[in-house]
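Taking our numbering, the leading residue of the sequence shown gets 778, the next gets one more, and so forth.
All C-beta atoms in this analysis are idealised placements derived from N, C-alpha and C, irrespective of residue type, glycine included.
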Amino acid sequence: TGQCLKILQGYSNWVYSVAFSPSGNLLASGHQDNEVRFWDLKDLKSVPFPRLLRGHLGVVYSVAFNRAGNMLASGSLDRMVRIWDVNTGECLATLPGHNDQVNSVAFHPLFKNNQKMFA
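Here's what the structure looks like:
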């Protein structure tokens with residue numbers, strides 16, 4: 778219908794990227810303040826820490842869930858890709874080596890073991 782169902786409030790700065798978890802229960806968003814936030818779509822509210830992910834040193838331009846929904850990749854102005862554990866908020870890996878900001882990240886949808894990801 779094109780009707781707005783809900784406005785997720787709790788953040789007043791720019792949002793650069795959003796991604797739905799495979800289950801559809803969570804929404805991840807990449808922000809101007811170098812953070813990734815999670816939103817509970819069942820209750821339509823921000824999920825409390827530890828699922829506020831901090832570690833990037835620049836704007837988070839892209840977020841993507843893996844196929845299982847237990848990991849999230851984030852790409853940033855800091856030229857890094859970070860892989861996060863969605864349940865604990867722990868940074869599992871930092872992938873350096875990009876010559877410029879990382880504008881997009883994606884997990885390959887056919888690999889269950891998460892061995893393929895693109896940035």
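**Request:** Check each candidate in Val858, Asp877, Trp816 and Leu830 and name the one with the smallest Cα separation from Lys783.
**Result:** By one-based count along the sequence shown, residue 783 stands at place 6. It is Trp816.
**Cut-off 6 Å between Cβ atoms - residues of its own chain near Leu803, not counting five sequence neighbours on either side** = Counting from one through the sequence shown, the residue named residue 803 turns up at place 26. Here the set comprises Phe815.
**Message:** Val837 and Tyr793 - do their beta-carbons sit closer together than 8 Å?
**Reply:** Walking along the sequence shown from the start, residue 793 turns up at place 16. Walking along the sequence shown from the start, residue 837 turns up at place 60. Yes, these two residues count as a Cβ contact at 8 Å.
**Message:** Can you find the residues in the same chain that come closer than 6 Å, C-beta to C-beta, to Arg828, ignoring five residues on each side of it along the sequence?
**Reply:** Here residue 828 refers to the residue found at position 51 of the sequence shown. These residues qualify, in order along the chain: Phe815 and Gly866.
**Request:** Could you check what DSSP says for Gly866 in three-state terms: helix, strand or coil?
**Result:** Locating residue 866 in the sequence shown gives position 89, counting from the first residue. Note: Gly866 maps to coil in three-state DSSP.
**Message:** What would DSSP say about Thr778, mapped onto helix, strand or coil?
**Reply:** One-based indexing of the sequence shown puts residue 778 at position 1. Thr778: coil per DSSP, three-state reduction.
**Message:** Please classify Trp791 as buried or exposed, where buried requires at least 16 other C-beta atoms within 10 Å of its C-beta.
**Reply:** Here residue 791 corresponds to residue number 14 of the sequence shown, with the count starting at 1. Label assigned to Trp791: exposed.
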